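Q:
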Amino acid sequence: MDFASLARTSGEWLRGAGPESDIVMSSRIRLARNLADFPFISRANAGDRAEIERILRERVMKVHESVDLTYVDVNDLQGIDRQFLVERQLISREHADSEGARGVAIGNNEQVSLMINEEDHLRIQVIHSGFDLSAAWDQINRIDDLVEGQVTYAFSDKLGYLTACPTNVGTGMRVSVMLHLPALVITRQIDKLFRSLQKISLAVRGLYGEGSQAMGDFYQISNQITLGRSEPDLVKQVGDVVPTIIDYERKAREFLIRESQENLHDRVSRAYGILRTAQTISSEETMHLLSSVRMGVNLGLIHDLEIPTVNKLFIYTQPAHLQKLTGGELDSADRNIERARYLRRHLNKEEDGREKN
Amino acid sequence: MKCQRCEKPATFHITELTGGKPQELHLCEQHAREYLTESDAETAAATPSLAGALAHHLAVGQTAEELARLDQQSCPICGITFFEFRNQGRLGCPHDYVCFQKELEPLLVNIHGETVHVGKRPRRSKGNTDSQTELIRMRREMKEAIQREEYEKASKLRDDIRKVEEGK
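Chains A and B, in that order, give the protein sequences. Take 8 as the starting number for the first sequence in the working numbering and just add one per residue. Take 2 as the starting number for the second sequence in the working numbering and just add one per residue.
#1: Name the chain B residues whose beta carbon is nearer than 8 Å to that of A:Ile232?
#2: Could you list which residues in chain A have their beta carbon closer than 7 Å to that of B:Pro123, in chain order?
#3: Buried or exposed, going by whether 16 or more other CB atoms sit within 10 Å of the CB of A:Lys331?
#4: Quick check: is the beta carbon of B:Arg159 nearer than 8 Å to any beta carbon in chain A?
#5: Do you know how far the Cα of A:Leu297 is from the Cα of A:Leu320?
#6: Say whether the stretch 117 to 132 of chain A touches the stretch 15 to 34 of chain A, bearing in mind that this needs 3 or more beta-carbon pairs closer than 8 Å, one atom from each stretch.
#7: Count the other CB atoms, across all protein chains shown, that sit within 10 Å of the CB of A:Glu65; report buried if there are 16 or more and exposed otherwise.
#8: I'd like to confirm the pairing. Which residues does DSSP put opposite A:Thr77 in its beta bridges?
#9: Are the stretch 166 to 179 of chain A and the stretch 87 to 100 of chain B touching by the rule of at least three beta carbon pairs closer than 8 Å?
#10: Taking the continuous beta strand (DSSP E) assigned at B:Ile111, which residues delimit it?
#11: Taking Cβ-Cβ distances shorter than 8 Å, what residues in chain B pair up with A:Ser237?
#12: Whole angstroms is fine: what's the gap from A:His353's alpha carbon to A:Ser99's?
#13: In the DSSP assignment, find the unbroken alpha helix (DSSP H) run with A:His310 in it and report its ends.
#14: Would a check of beta-carbon distances place A:Leu315 closer than 8 Å to chain B?
#15: Using a Cβ-Cβ distance under 8 Å, would A:Asp83 count as near chain B?
#16: Is there at least one Cβ from chain A nearer than 8 Å to B:Ile137's Cβ?
#17: Kindly indicate the opening and closing residues of the beta strand (DSSP E) around A:Tyr226.
#18: For a contact defined as C-beta to C-beta under 8 Å, what are the partners of A:Lys165 on chain B?
#19: Please report the straight-line C-alpha distance between A:Leu153 and B:Tyr152, rounded to a whole angstrom.
#20: Which whole runs of the beta strand (DSSP E) in the stretch 29 to 113 of chain A are 3 residues long or more, in chain order?
#21: Going by beta-carbon coordinates alone, are A:Phe138 and A:Val304 separated by less than 8 Å?
#22: Give me the subset of the stretch 81 to 113 of chain B whose CB atoms are less than 7 Å from a CB atom of chain A, sorted by chain position.
#23: Can you tell me whether A:Ile281 is helix, strand or coil according to DSSP?
#24: Could one say the Cβ of B:Gln74 lies closer than 8 Å to chain A's Cβ atoms, at least one of them?
#25: Kindly identify the DSSP beta-bridge partner or partners of A:Gln132.
#26: Any C-beta of chain B within less than 7 Å: which residues of the stretch 48 to 62 of chain A qualify?
#27: Grouping DSSP H, G and I as helix and E and B as strand, with all else coil, what is A:Val211?
#28: In whole angstroms, give me the CA-to-CA distance for A:Ser237 and A:Ala142.
#29: Grab me the residues of A:Ala112's own chain with a C-beta within less than 6 Å of its C-beta, minus the 5 sequence neighbours each way, in chain order.
#30: Quick one: using the 10 Å Cβ neighbour count with 16 as the cut-off for buried, is A:Ile311 buried or exposed?
#31: Could you have a look at B:Arg6 and say whether DSSP puts it in helix, strand or coil?
#32: Kindly say whether B:Gln5, judged by its beta-carbon, lies nearer than 8 Å to any beta-carbon of chain A.
#33: To the nearest angstrom, how far is the alpha carbon of A:Asp88 from that of A:Gln244?
#34: From A:Glu217 to A:Ile193, what distance separates their C-alpha atoms?
#35: Kindly list the residues whose CB is nearer than 8 Å to the CB of A:Ala43, restricted to its own chain and excluding five residues on each side of it in sequence; keep chain order.
#36: Classify A:Gln146 as buried or exposed, calling it buried when 16 or more other Cβ atoms lie within 10 Å of its own Cβ.
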């Protein structure tokens with residue numbers, strides 16, 4: 008795969024379209040699957056892993072006729088390229104950091120990825136832009152059928168799909184919706200939301216970083232339970248709660264506008280100002296400010312910027328993306344300078360067509 | 002062994018799997034109960050709390066001897082011991098769900114509230130998972146035979162493996 012050209016394009020799920028895309032960034036479903044005739048990864052030696060990778064790579068790529076797939080040998084990649092795939096959400100951090108034979112098949116404009124030798128032998132993932140879970144389920148269900156036509160999955164009549172960790176057994180399915188919730192963070196309601204979601208056995212975590220300190224105010228809501236409920240039920244369980252959260256976030260935004268329009272406008276404008284003029288800026292500060300700008304665009308406080316541009320900036324200002332775009336390794340100080348330059352270029356040109364500064 | 006938080010004997014032995022490294026805790030009944038309720042409230046926010054559930058399940062009403070006996074049980078197919086599973090939170094092969102069934106069932110109830118799958122089923126492969134599981138055992142035994150330089154045994158196993166592989 009040509010990483011330099013991949014670095015200039017962007018995934019379908021970043022296009023900022025789809026239902027409720029002002030608040031819902033993306034809808035993601037993943038399925039955990041294992042081959043019946045091999046030990047799980049923790050008991051698989053190097054030979055087993057190589058064999059699993061060979062078999063699954065061959066069988067998965069047969070699906071290529073129905074789903075356009077490109078295979079990447081993750082074990083062969085440079086660290087920076089692995090990091091790039093993590094930032095792009097095509098592989099997990101664990102998959103990037105682990106060792107031995109492993110790979111990923113990527114397809115359909117980055118909507119689909121099939122990770123081989125992650126925690127389970129196979130992890131199928133589908134990401135759609137906006138709030139679009141049922142389409143994501145239809146797509147991943149079809150891909151799972153196609154792969155299953157080629158291999159024998161570890162499956163028990165009683166327990167369903169058998170997985171390395173008992174938290175995934177049954178459907179092996181994790182349904183996640185990524186939400187942008189800056190107003191709930193500003194109004195300090197996010198912890199309350201966390202607690203109420205846990206009560207109905209849904210997990211919440213920040214996309215970047217841990218717990219309520221999520222960078223960029225992105226939160227991922229997903230099911231905890233995988234056994235004893237059908238896949239459509241699990242899709243519904245997560246899907247049912249999302250409109251309520253969207254509603255809370257909208258109400259919090261309305262509250263901020265009503266009660267302190269000047270403060271909110273000031274916050275958004277300052278964030279935009281810093282991003283357009285900074286000469287050196289860290290990844291954390293960028294995420295934090297982009298979050299305010301994203302909300303500002305959605306609330307009509309910023310007029311000369313589009314949501315897909317902002318969505319892209321969240322991904323493209325991360326370390327591996329910056330280094331891919333500049334074509335060389337950069338230390339942290341140089342990255343901060345390059346990041347500021349990148350932001351100035353992309354945030355100023357929409358006004359008069361060329362870079363200011 | 003004394004409780005890590007007071008002078009009473011430690012009767013509860015908890016392995017905490019959340020966070021980076023597994024952490025061993027040896028506590029008396031009272032402190033174990035306190036620990037489990039506090040960690041329950043704190044870690045509820047963390048990832049699906051396998052560790053929490055496992056610690057709960059194993060700590061409640063199990064003595065050190067019972068736990069030690071349980072820990073030594075191993076899977077005849079992949080060789081993983083229950084102790085290893087407890088330490089890393091990951092099973093070794095599909096057969097573990099059968100051989101550790103008794104221990105896993107309360108854990109599954111704890112995590113999922115259910116023990117029976119009701120979702121999707123593979124269309125093609127049905128009923129042949131037993132022979133597939135046997136393959137895992139035979140391949141492992143073949144590797145071990147080679148390591149011990151028991152080549153005759155290894156070559157017989159290789160033939161058996163081939164038969165099963167071709168039979169599917």
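Note that beta-carbon positions come from the ideal geometry of N, C-alpha and C, so glycine has one too. Here the structure is a predicted model, which is why all the values come from computation and not from measurement.
A: With the given structure in hand:
#1: Ile112, His113, Gly114, Glu115
#2: Glu155, Tyr160, Phe162
#3: buried
#4: no
#5: 8 Å
#6: yes
#7: exposed
#8: A:Ile113
#9: yes
#10: The question names Ile, but residue 111 of chain B in the sequence shown is Asn. Taken as a continuous stretch (DSSP letters only), B:Asn111 belongs to no beta strand (DSSP E), being part of the alpha helix (DSSP H) at 102 to 113.
#11: Val119, Gly120, Lys121
#12: 28 Å
#13: It is not in any alpha helix (DSSP H) - A:His310 carries neither H nor E in the DSSP assignment.
#14: It should be pointed out that residue 315 of chain A corresponds to Pro in this sequence rather than to Leu. Closer than 8 Å: no.
#15: no
#16: yes
#17: 222 to 230
#18: Thr116, Val117, His118
#19: 40 Å
#20: 31 to 40, 76 to 80
#21: no
#22: Ile81, Gln89, Gly90, Arg91, Leu92, Gly93, Cys94, Pro95, Tyr98, Leu105, Leu108, Leu109, Ile112, His113
#23: helix
#24: no
#25: A:Arg37, A:Ser120
#26: Ser49, Arg50
#27: strand
#28: 16 Å
#29: Val67, Leu76, Tyr78, Leu121
#30: The sequence given here places Asp at residue 311 of chain A; Ile does not occur at that position. The residue is exposed, with fewer than 16 neighbouring Cβ atoms inside 10 Å.
#31: coil
#32: no
#33: 36 Å
#34: Only weak support is given to the placement of A:Glu217: the predicted model assigns it a pLDDT of 45, under 50, and the value that follows is read from those uncertain coordinates. For A:Glu217 and A:Ile193, the distance between alpha carbons rounds to 17 Å.
#35: Thr159, Tyr160, Ala161, Phe162
#36: buried
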